[in-house]
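Asks: Add 433 to the 1-based position in the sequence shown for our numbering, that's all there is to it. Where is the CB? At the ideal position from N, CA and C, for every residue including glycine. Here it is: the structure, laid out below.
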Amino acid sequence: MDEIRRTKWGIATFLVGFACLILFFVSGWVIAGVAAFASMVAGIVLVTGALREIAAGQRSTDPGRREQVAQWLAEWEKRFRQRYKGK
């Protein structure tokens with residue numbers, strides 16, 4: 434299953450769990466509360482896993498961004514050290 438589809442399934446699962454949670458508060462059925470908790474956790478896990486894979490794919494296609502950030506941090510550190518060198 435691709436990442437976008439997993440994200441959509443995760444959001445749908447979370448929303449079903451939220452609906453079960455409301456049913457639990459209205460009716461007081463414990464099984465609805467347990468189902469709500471389980472489906473909301475499953476939805477969060479699906480979305481988180483899909484977003485991690487999406488982020489990993491973006492990192493592997495753009496290695497130059499990491500170098501840009503490292504260079505920016507090195508320049509910032511150099512300026513910071515020069516500013517407080519004589520104190």
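Taking 7 Å as the cut-off, decide whether the C-beta atoms of Ala469 and Phe458 are in contact.
Replies: No, Cβ-Cβ distance for Ala469 and Phe458 is not below 7 Å.
Asks: Check for me: the alpha helix (DSSP H) holding Trp442 runs from which residue to which?
Replies: Segment 436 to 460, the alpha helix (DSSP H) holding Trp442.
Asks: What do you reckon, are the CB atoms on Gly490 and Thr446 nearer than 7 Å?
Replies: no
Asks: Within 7 Å (strictly less), CB to CB, does Ala471 reach chain B?
Replies: In summary, chain B is missing from the structure at hand, where a single protein chain is found.
Asks: Whose C-beta lies closer than 7 Å to the C-beta of Ala465 among residues of the same chain, with five residues either side of it excluded?
Replies: Cys453, Leu456, Phe457
Asks: Roughly how many whole angstroms lie between the Cα atoms of Trp505 and Arg516?
Replies: Their Cα atoms are separated by approximately 17 Å.
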